[in-house]
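For the sequence shown, my numbering begins at -2 and goes up steadily by one.
Down below is the structure, laid out as structure tokens.
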Amino acid sequence: MWRRAGRVASSETRTLRQRTGSPSGPYRSPSVTIDPFQTSARVREVAGVTDEVPEDVAEGSQGRGEPETSDSLKTFGAVVKAFRKRAGLTQEAFAPRVGYSLPTIASIEQGRRCPPPGFVEQAEVVLDAFGALKDASKHLSRKPGLASWFRPWARLEAEAVSLYTYENRLVPGLLQSPAYANILFHEQIPALGDDQIKAQMAARIERKKLLTDRPDTTYSFVVEEHVLRRKTGGAEVMREQIDHILDLCERRNVEFQIMPQERGHHAGLDGPMRLLETPENKWYAYCEGQETGQLISDRKVVSILHKRYARMRSQALSFEESVSLLREIQGAL
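The structure is reproduced here in structure tokens:
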């Protein structure tokens, strides 16, 4: 039986901590809200920016960015516009110098979208902004490439000491290969623009660093067998995807289990879920659907999902059996 070299099995990575409590009926939990960061006074003073954004900021096509805005994004956009005007550049002249489209520049200056990865560095050089844009970007309350409903979870995820994921639709984002993720982004409806795909790919790559940058965090994944048998992107993409999962399974902090198709019923049939534990030992859950997601903090609801996940782990194949099945699926592609 194939096993990971140096794999250490501990009670912490094999069991789930449970919370008590059960609902007396259908329960709707409140969402956790996270206050946006405030943009530093230094940047606002340097660029001559006030809390009010001029109405004429970044006139032009907005492109298909995310429509909602925030105070920190408005301020950042106004800072960019102030430095652009200081440099004597129009949006039309500025866009090709930083390598982004005019609609993208317009949306950034309007505060309607986060700057794509690489934009800040390029803009710093072109506008000679002496670090002001980098300073301002640290306080943005939105992350590029991530859906608005997912960002609060992503912030908690980045600091989690334990993270559990059950997925019945597609390979979990943290386990996706670049080719697999690229296929998903290109097949979205409505279609994404090139800049949006670039931003989402960069965000996905950044998230995946958690697996390597946080070796003390326990990652557990339970994935439905049919997800791995579906030829998303074709046989070659799936062979590469399975190779990628097998490589990640070499890590001692990664637990991967397959829920076999032959199991007629299990505890996760209500849909995908994620659970995490913070450094303060608080637990949160996240459930996602079509164009929406809910971050759950209510302890009773989190406890229920925790118990369901624990049951799923006992119903799924063992780690060794899952790895063996992965190789079997890969060989059949």
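Backbone N, C-alpha and C fix where the C-beta goes; we use that ideal spot for every residue, glycine too.
Just so you know, these numbers come straight off a predicted model, no measurement behind them.
Can you have a look at residue i and say buried or exposed, based on whether 16 or more other CB atoms are within 10 angstroms of its CB?
i: residue 239; result: buried
i: residue 287; result: exposed
i: residue 276; result: exposed
i: residue 230; result: buried
i: residue 317; result: exposed
i: residue 85; result: exposed
i: residue 128; result: exposed
i: residue 195; result: buried
i: residue 333; result: Nothing can be reported for residue 333: it is not among the residues displayed for the chain, which extend from -2 to 330.
i: residue 185; result: exposed
i: residue 261; result: exposed
i: residue 82; result: exposed
i: residue 232; result: exposed
i: residue 289; result: exposed
i: residue 75; result: buried
Once the 5 residues before and after residue i are set aside, which same chain residues still bring their CB inside 6 Å of it?
i: residue 228; result: 235
i: residue 283; result: 150, 271, 292
i: residue 130; result: 117, 120, 121
i: residue 324; result: none
i: residue 334; result: This structure cannot speak to residue 334, because the chain is shown only from -2 to 330.
i: residue 80; result: 124, 126
Using 8 Å for Cβ pairs, my map puts residue i next to residue j. What's the rounded Cβ distance?
i: residue 306; j: residue 216; result: No, residue 306 and residue 216 are not in contact; Cβ-Cβ is about 13 Å, not under 8 Å.
i: residue 181; j: residue 167; result: 7 Å
i: residue 112; j: residue 192; result: At roughly 10 Å, the Cβ-Cβ gap does not stay under 8 Å, so residue 112 and residue 192 are not in contact.
i: residue 376; j: residue 198; result: No information on residue 376 is available, as it lies outside the stretch -2 to 330 that the chain covers here.
i: residue 256; j: residue 313; result: 5 Å
i: residue 159; j: residue 273; result: 6 Å
i: residue 299; j: residue 280; result: 5 Å
i: residue 115; j: residue 70; result: Actually they do not touch by this definition, with Cβ atoms about 18 Å apart.
Which same chain residues end up closer than 7 Å to residue i when comparing Cβ atoms and leaving out the 5 residues on each side of it in sequence?
i: residue 285; result: 269
i: residue 134; result: 73, 112, 117
Please go through the same chain and pick out, in chain order, the residues whose beta-carbon is closer than 8 Å to the beta-carbon of residue i, but skip the five residues on each side of it.
i: residue 169; result: 162, 218, 220
i: residue 315; result: 254
i: residue 58; result: Summary for residue 58: the model assigns pLDDT 28, below 50, so the residue's position carries little reliability, and this model does not support an answer.
i: residue 156; result: 275, 276
So within the stretch 242 to 302, which uninterrupted beta strand (DSSP E) runs reach at least 3 residues, ignoring any that extend past its ends?
Whole beta strand (DSSP E) segments, 3+ residues: 251 to 256, 270 to 274, 280 to 286, 289 to 293.
Contact between the stretch 110 to 124 and the stretch 92 to 102 (3+ Cβ pairs under 8 Å)
Three or more pairs of CB atoms, one per stretch, sit closer than 8 Å, so the stretch 110 to 124 contacts the stretch 92 to 102.
Would you say the stretch 198 to 212 touches the stretch 290 to 310, given that touching needs at least three Cβ pairs under 8 Å?
Taking a contact to require three or more Cβ pairs closer than 8 Å, the stretch 198 to 212 and the stretch 290 to 310 do not qualify as touching.
What are the complete beta strand (DSSP E) segments, minimum 3 residues, inside the stretch 187 to 240?
Assignment of beta strand (DSSP E) within the stretch 187 to 240, counting only whole runs of 3 or more residues, yields 215 to 221 in chain order.
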